[in-house]
Amino acid sequence: MGILLLWGVWVFSSIYRGWATRNLAAPAAAVAAARWAVLFMIMTFMLLS
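Heads up: the sequence shown begins at 18 in the numbering used here, then just goes up one per residue.
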């Protein structure tokens, strides 16, 4: 459960960072946040399984 909580906080912080920098480079920030979120989710599921 702790890992899931950390994952949720991490994803929301990544989304917030992308939202805060949307005026600077919205597409790049969105792509980077999505890439890291997917990578972290895969790692989390591998650890849980």
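Glycine is no exception: its CB is placed at the ideal position from the N, C-alpha and C atoms.
Because the structure is a prediction, the values reported are computed rather than measured.
Under a Cβ-count criterion, where at least 16 other Cβ atoms within 10 Å of its own Cβ denotes burial, should residue 45 be classed as buried or exposed? Counting from one through the sequence shown, the residue named residue 45 turns up at place 28. It counts as exposed.
Whole angstroms are fine: how far does the CA of residue 20 sit from the CA of residue 60? Taking the first residue of the sequence shown as position 1, residue 60 is located at position 43. Taking the first residue of the sequence shown as position 1, residue 20 is located at position 3. In this structure, the straight-line span from the alpha carbon of residue 60 to that of residue 20 is close to 11 Å.
Collapsed DSSP secondary structure at residue 31 in the structure displayed: Against the sequence shown, residue 31 aligns to sequence position 14. Residue 31 falls in the helix class under three-state DSSP.
Express the C-alpha separation of residue 34 and residue 63 in angstroms, rounding to a whole number. If you number the sequence shown from 1, residue 63 lands on position 46. If you number the sequence shown from 1, residue 34 lands on position 17. Spanning the two alpha carbons is a distance of roughly 26 Å.
Same chain, Cβ closer than 6 Å to residue 65, neighbours up to 5 away in sequence not counted: Taking the sequence shown and counting its residues from 1, the one referred to as residue 65 is at position 48. Leaving aside the five residues that flank residue 65 on each side, none in its chain has a CB nearer than 6 Å to its CB.
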